[in-house]
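Protein chains in written order, with my numbering: chain L, 2 to 405; chain Z, 2 to 405.
Cβ atoms here follow ideal geometry from the backbone N, Cα and C, with glycine treated the same way.
As the structure is a prediction and not an experimental result, all values here were calculated from the model.
Take a look at the structure set out below.
Number of protein chains: 2
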Amino acid sequence: MALIVQKFGGTSVGTPERILNVARRALETQREGNSVVVVVSAMSGVTDNLIKLAKAVSPAPTEREMDVLLATGEQTTIALTAMAINAMGGKAVSLTGAQAGILTSGVHTKAKIENIAPRQIRNHLKDGQICIVAGFQGQTLEGRITTLGRGGSDLTAIAIAAALKADLCQIYTDVDGVYTCDPRVVPEAKKIDIIAYDELLEMASSGSKVMQSRSVEFAKKFNVPFEVRSSFNNNRGTIVKEEFIGLENVVVRGISIERNQAKVTITNVPDRPGTASRFFTALAEANVVIDVIVQNISVSGSTDISFTMNADELEKLGGLIDRVASDVGAGEVIKKSGIAKLSVVGIGMRSHSGVAATLFECLGAGGVNIQMISTSEIKIAVIIDEERIEQAARLAHEAFGLSA
Amino acid sequence: MALIVQKFGGTSVGTPERILNVARRALETQREGNSVVVVVSAMSGVTDNLIKLAKAVSPAPTEREMDVLLATGEQTTIALTAMAINAMGGKAVSLTGAQAGILTSGVHTKAKIENIAPRQIRNHLKDGQICIVAGFQGQTLEGRITTLGRGGSDLTAIAIAAALKADLCQIYTDVDGVYTCDPRVVPEAKKIDIIAYDELLEMASSGSKVMQSRSVEFAKKFNVPFEVRSSFNNNRGTIVKEEFIGLENVVVRGISIERNQAKVTITNVPDRPGTASRFFTALAEANVVIDVIVQNISVSGSTDISFTMNADELEKLGGLIDRVASDVGAGEVIKKSGIAKLSVVGIGMRSHSGVAATLFECLGAGGVNIQMISTSEIKIAVIIDEERIEQAARLAHEAFGLSA
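Laid out in structure tokens, this is it:
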């Protein structure tokens, strides 16, 4: 008899019919001889409506109260899901974050899970009940209601799986799993059977938004293997786990793309210690989130610095970079949107050479010009024109044998 | 500095604008130098929507889960109300029933308040915060969420006022207070300044539905004076409190009417011990709620028994009474709808004679035929034709000097 944690997101519980589906699946899993804990999000749309209500009474709602308000979303879903299971002849009880023993820090709207005391869950499981736990929420030691921020329900599921030492944690979503590339771009893309935490983290930070990085990092830290799969069919999903020898045999696990990027280049930056930091401190103070940074070695006492960001961030820049450039005596500031990032990810890269060569070769043969290159231990990212991104993804997917 | 508990029902918090009104009023009350606790219901319509959702996943939703579901309604309102006060520059915190220390029995959907441990409320008040407490809900000793059933938010307010030894408890509603009669029927009806608990209880059980009897009984038991007043204006309302000498000077406090009644008469019931109980046991088993029962003394070894009920209950009867009548060897069973009840209420009746005479006289002079009479210590009720009820109310209102 295994202990299985199943997590269903907002789309998977978006209507009463879908809640009935979730109930059916949980009951089936139990009838196969398992103990089952189900973690659910708010029904899709509910959170947005609550935020609208809050804005109608306050221009800047108190964060403590925002948490009290938003927590009603999952509380509604847990009650409905438990009712649905009971109506089908099963035995289920709902538990809010607080009741499930999820203890968090006191930072409202983005609290951190500090501890889980799953005494109530354990007791109900012992009684043969299916436990329906509210995702995304917890309480502080003093009993204040908190929420965990974006991706919070995944985090709840993985943390509960860790606390209960569950045999399996299933993250049900609206996709079949993690793909070698976005199937809308590369029709030959295949579902990945097994992927390492680090690979998924690199894919996620490169635009493959199956899960928030924070949940994957949590799973990695506590070594909780989990499966990403669809709530709309019975297909096997993608298992995410610690790396093991076999995983390295595949050099490239997947390719992710991120559109709508922008690039800023500052030319002739004087090559003095502390100059680069002037730019990035100013960017941080203006809350501009930047992605890739490239600076090449200086040959003539000055250098060029480039960085990329989501094109939406470009607005926040205003004349900021121009002012700093003038202050430090740099040259021109060139801003350019309409670019995109393609990332090739795989832990096998560590022990295999030639990945960069293969990537540059296939792009070059296709006439795709590379504007920037950035690498990590298990990733190579290139910045190219946005209108070439789909072509580039298909070329790379083919070149690394992912289409086979 | 006084401690004031203010309760706002579903209509009073039905829209964001109305919630802002509630916030403004609470803040004003605090700025006048008082400590303020606000008890709120779910926004009107919200509870019905939640019930609809529950019915969509289960034909007979588990009561434990129904409570978890419904409790989200008030939780939404407390968060919004606290936000609104904070947005106006005030200091407010929301508290769910559980957080407010409201301990109840474990009977889901109609739990009883067993104790209130208002430590959190007291601490927040000490900090100058306005406490916004969710009405209608509490938790059991084991931490299960419960709700208190109909009129539960009034009960919460009065129980908190009792626990905090509040100086005043204000029940804000959509009427200006308790009237001598329904103003839609008797235009001369006046708002009552002060009324005794027992009088309001008799008025409530006679169709004046300002508040559920259970909250008034609770207030009486713990001697919590309260004021019923409108959330839409600043008029003084009606104070409900223990009786005192001055209250008896008015013989009749008010008149209440109840339409849509039905009457059943069983003729020639053998006058043997236990015969009447046969009928009423059968009625109780069929869950028929009956109101007035009249049986006159027996002159010839048999008697007539009549009882009234809401006309909607008539359906449940079916052939029940006819079968029992035949079993015990009684005569005819006559069922009649289209009747109504008029009740004259006042604690002054105890020490004044002639109230019945005045009532019968004025009705007789107006040509209103009385079909049944029932009296209690502080009430006289008569059953008449429904089409005569408005005329009768105006006649009695005038005869007892309530129009002056």
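Check your understanding: How should M350 (chain L) be labelled, buried or exposed, when 16 other C-beta atoms within 10 angstroms of its C-beta is the threshold for buried?
Key -> M350 (chain L) should be labelled buried.
Point to revise | Beta bridge counterpart(s) of M310 (chain Z) as assigned by DSSP | key: The partner list for M310 (chain Z) (beta bridge, DSSP) reads Z:A263 and Z:I291.
Point to revise | Within 8 Å of chain C by C-beta, residues of the segment 21 to 53 of chain L in sequence order | key: Annotation note: the requested chain C is absent from the structure, which comprises protein chains L and Z.
Review point. Whose C-beta lies closer than 7 Å to the C-beta of G153 (chain L) among residues of the same chain, with five residues either side of it excluded?
Key: G136 and F137, listed in sequence order.
Review point. Name the DSSP beta bridge partners of D168 (chain L), please?
Key: D168 (chain L) is not bridged by DSSP to any residue.
Check your understanding: If the cut is a Cβ gap below 7 Å, which residues of chain Z does M84 (chain L) touch?
Key -> Per Cβ cutoff of 7 Å: A55, V58, S59, P62, T63 and E66.
Practice item. Have a look at L156 (chain L) and Q213 (chain Z) and give me their C-alpha separation to the nearest angstrom. Key: Rounded to the nearest whole angstrom, the CA to CA distance from L156 (chain L) to Q213 (chain Z) is 45 Å.
Exercise for review: Grab the span of the beta strand (DSSP E) containing D386 (chain L) for me, first residue to last.
Suggested key: For D386 (chain L), the enclosing beta strand (DSSP E) stretches over residues K380 to D386.
Exercise for review: Would you list, in sequence order, the uninterrupted alpha helix (DSSP H) runs of no fewer than 4 residues that lie entirely inside the segment 203 to 280 of chain L?
Suggested key: Runs of the alpha helix (DSSP H) inside the segment 203 to 280 of chain L: 214 to 222.
Review point. Counting pairs of Cβ atoms below 8 Å between the segment 118 to 130 of chain L and the segment 45 to 64 of chain L, do you hit three or more?
Key: Contact between the segment 118 to 130 of chain L and the segment 45 to 64 of chain L is absent, because fewer than three Cβ pairs lie under 8 Å.
Practice item. Identify the continuous alpha helix (DSSP H) that holds A331 (chain L) and give its terminal residues. Key: No alpha helix (DSSP H) holds A331 (chain L); DSSP gives it neither H nor E.
Check your understanding: Does the beta-carbon distance from G253 (chain Z) to G367 (chain Z) come in below 7 Å?
Key -> For the sequence presented, residue 253 (chain Z) should be read as Val rather than Gly. In this structure, V253 (chain Z) sits away from G367 (chain Z), with a CB-CB distance that is not shorter than 7 Å.
Check your understanding: Quick one: any contact between the segment 386 to 404 of chain L and the segment 360 to 377 of chain L, if contact means 3 or more CB pairs under 8 Å?
Key -> Yes: the two stretches touch, three or more of their Cβ pairs being nearer than 8 Å.
Point to revise | Residue of L:I384, L:E399 and L:E249 minimising C-alpha distance to I408 (chain L) | key: A query on residue 408 (chain L) cannot be resolved here, the shown segment of chain L reaching from 2 to 405 and no further.
Review point. Using 7 Å as the limit for Cβ to Cβ distance, is G144 (chain Z) near chain L?
Key: Contacts with chain L at 7 Å (Cβ-Cβ) include G144 (chain Z).
Practice item. Could you confirm whether any beta carbon from chain Z is found closer than 7 Å to the beta carbon of S301 (chain L)? Key: No, its Cβ sits nowhere closer than 7 Å to a Cβ of chain Z.
Practice item. Just grab the DSSP bridge partners of T359 (chain L) for me. Key: DSSP output for T359 (chain L) lists no bridge partner at all.
Point to revise | Cβ shell of R25 (chain Z) (< 8 Å), same chain only, five flanking positions each side left out | key: A distance below 8 Å between beta-carbons, with the five flanking residues on each side excluded, links R25 (chain Z) to the following residues of its chain, in chain order: M89.
Check your understanding: Secondary structure at V69 (chain Z), three-state DSSP: helix, strand or coil?
Key -> Under the three-state reduction of DSSP output, V69 (chain Z) falls in the helix class.
Review point. Do V23 (chain L) and V37 (chain L) come within 7 Å of each other at the CB atom, strictly closer than that value?
Key: No, the Cβ-Cβ distance between V37 (chain L) and V23 (chain L) is not below 7 Å.
Exercise for review: Please name the residue in Z:V94, Z:L142 and Z:L149 whose C-alpha comes closest to that of K127 (chain Z).
Suggested key: Closest option to K127 (chain Z), Cα to Cα, is Z:V94.
Check your understanding: Between which two residues does the alpha helix (DSSP H) containing T30 (chain Z) stretch?
Key -> For T30 (chain Z), the uninterrupted alpha helix (DSSP H) segment begins and ends at P17 to R32.
Exercise for review: Answer yes if the segment 31 to 50 of chain L comes into contact with the segment 71 to 81 of chain L, meaning at least three C-beta pairs across the two stretches below 8 Å, and no otherwise.
Suggested key: As far as the Cβ criterion goes, the segment 71 to 81 of chain L touches the segment 31 to 50 of chain L, which means the pair count is three or higher.
Practice item. Work out the CA separation of F9 (chain L) and T407 (chain L) for me, nearest whole Å. Key: Lying outside 2 to 405, the shown extent of chain L, residue 407 (chain L) is not represented and no answer is given.
Review point. Taking C-beta to C-beta, are T110 (chain L) and E64 (chain L) nearer than 7 Å?
Key: Yes; because the gap between Cβ atoms is below 7 Å, this pair is in contact.
Point to revise | Contact under 7 Å by Cβ, I193 (chain Z) with V179 (chain Z) | key: Yes. Within cutoff.
Practice item. Let me know the secondary structure DSSP gives V47 (chain L) once reduced to three states. Key: V47 (chain L) falls in the helix class under three-state DSSP.
**Study point:** Nearest-angstrom beta carbon gap, A397 (chain L) and C363 (chain L) [assumed within contact, 8 Å]
**Key:** Rounded, the Cβ-Cβ distance is 6 Å, consistent with contact.
Point to revise | Supposed close pair A263 (chain L), S338 (chain L) - CB separation, criterion 8 Å | key: About 4 Å separates the Cβ atoms of A263 (chain L) and S338 (chain L), confirming a contact at the 8 Å cut-off.
Point to revise | Supposed close pair A85 (chain L), I20 (chain L) - CB separation, criterion 8 Å | key: Contact between A85 (chain L) and I20 (chain L) holds, since their C-beta atoms are separated by about 5 Å, short of 8 Å.
Review point. Tell me which same chain residues have a C-beta within less than 8 Å of the C-beta of Q130 (chain L), skipping the five on either side of it?
Key: Correct list, in chain order: K92, A93 and V94.
Practice item. State the DSSP-derived secondary structure class of N297 (chain L), mapped to helix, strand or coil. Key: Coil.
Check your understanding: Of all the CB atoms in chain L, is at least one closer than 7 Å to the CB of V69 (chain Z)?
Key -> At a cut-off of 7 Å between C-beta atoms, V69 (chain Z) counts as an interface residue with respect to chain L.
**Study point:** Neighbouring residues, chain Z, relative to I79 (chain L) (Cβ below 7 Å)
**Key:** V69, listed in chain order.
Practice item. Taking V187 (chain Z) and R395 (chain Z) to be in contact with their CB atoms under 8 Å, please state how far apart those CB atoms are, rounded to whole angstroms. Key: Yes, they are in contact, since the Cβ atoms of V187 (chain Z) and R395 (chain Z) sit about 5 Å apart, within 8 Å.
Point to revise | Separation of I256 (chain Z) from E203 (chain Z), as counted between CA atoms | key: Each residue's Cα considered, the two are about 10 Å apart.
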